[in-house]
Amino acid sequence: MAAENLSPRPLYAVNRGFISISRAFNAIIVAILAVKAVGFGPLAGIITITFKTVGFFSKLLAEDLEDIDMGTVDAVRSTGASPVQTLVYAVIPQIIPRFAGLSVYRWDINIRTSTIVGIVGAGGIGSVLVTAFNRYDYQYVSAILLTIILVVLVAEGVSAVVRRRYQ
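Its first residue numbered 11, the sequence shown is counted upward by one per residue in the working numbering.
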C-alpha cells in the first residue's frame, strides 16, 4: 500500500506518512516510551521491535515494489486477472528474493536491537546482559556477547543461502 505504482494516491500518502513516523524515532526512544506505556518487560521490547520493523521493512519493500517490471503486471492485468491474481502472479514472484533477503536482514537487526532495548528495561537479551554486568560476572557477559555474535553470524549464513536460492 506504500508503493506509488500499485496504490491509489491517498492510500500511498497515508502509508508513507506512517512509515516516515515509524522510522523517525530511534529504537531507544521507542523502547523508553513503550516501557512507560506498558511497564518493564518483554512486551515493551516486542512493541519496540515491531514498531521499528514495520517502518524499516515497509519502506524497503515499497521501494522494491516500485522497481518491479510493470510490463509483467500489465500483461497479467490484460488477461482479465483480478487485483489479487495480479498480485499473486505478477508482483510476488518479482519480489520474493528481495523479501527473503530483507526478512533475514531485519531479523539480524532485531537481534541486535533486543540487546539495546533490554538495557532500558524493555526485555530482551540486553536486560540479562546488564544484570550480569552489574554483578561483575564477566564470564557470563562474555558468553552473552559471544552468543550475540554467533547468532548474527548464523543470520548472515542463512541470508546468503536464501539469497542464492531465490536468485
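Quick reminder that beta carbons are idealized off the backbone N, C-alpha and C, glycines included.
{"Item": "By how many angstroms is the C-alpha of L97 removed from the C-alpha of R174?", "Value": "24 angstroms"}
{"Item": "By Cβ distance below 7 angstroms, which residues in the same chain neighbour V114 in space, the five residues on each side in sequence not counted?", "Value": "A165, V168, S169, V172"}
{"Item": "May I ask you to verify whether the stretch 66 to 73 touches the stretch 36 to 51, counting CB pairs closer than 8 angstroms and requiring at least 3?", "Value": "no"}
{"Item": "R175 by DSSP, collapsed to three states: which one?", "Value": "helix"}
{"Item": "Could you round the C-beta distance between F193 and V151 to whole angstroms and report it? I think they count as a contact, below 8 angstroms.", "Value": "Summary: the structure shown does not reach residue 193, with the chain confined to residues 11 through 177, and so no result is reported for it."}
{"Item": "Report the rounded CA-to-CA distance for I102 versus F109, giving the unit in angstroms.", "Value": "9 angstroms"}
{"Item": "Compute the Euclidean distance between the alpha carbons of I31 and V127, then round it to the nearest angstrom.", "Value": "19 angstroms"}
{"Item": "Pick helix, strand or coil for G65, following the three-state DSSP scheme.", "Value": "helix"}
{"Item": "Let me know if L139 comes out buried or exposed under the rule of 16 or more other beta-carbons within 10 Å of its beta-carbon.", "Value": "buried"}
{"Item": "Apart from the five residues just before and just after V86, which ones in its own chain have a Cβ nearer than 6 angstroms to its Cβ?", "Value": "T96, Y99, A100"}
{"Item": "So the alpha helix (DSSP H) G111 belongs to, where does it begin and stop?", "Value": "102 to 129"}
{"Item": "Using a Cβ distance threshold of 8 angstroms, determine whether the stretch 58 to 72 contacts the stretch 17 to 32, with at least three qualifying pairs required.", "Value": "yes"}
{"Item": "Note down, in chain order, each residue of its chain lying with its Cβ closer than 7 angstroms to the Cβ of T123, except the 5 sequence neighbours on either side.", "Value": "A37, I59, K62"}
{"Item": "Where does the unbroken alpha helix (DSSP H) through A34 begin, and where does it stop?", "Value": "19 to 34"}
{"Item": "Quick check on the DSSP output: the alpha helix (DSSP H) that includes D136 runs from which residue to which?", "Value": "For the record, residue 136 in the displayed sequence is Gly; it is not Asp. Looking at the DSSP string, the run of the alpha helix (DSSP H) that includes G136 is 135 to 144."}
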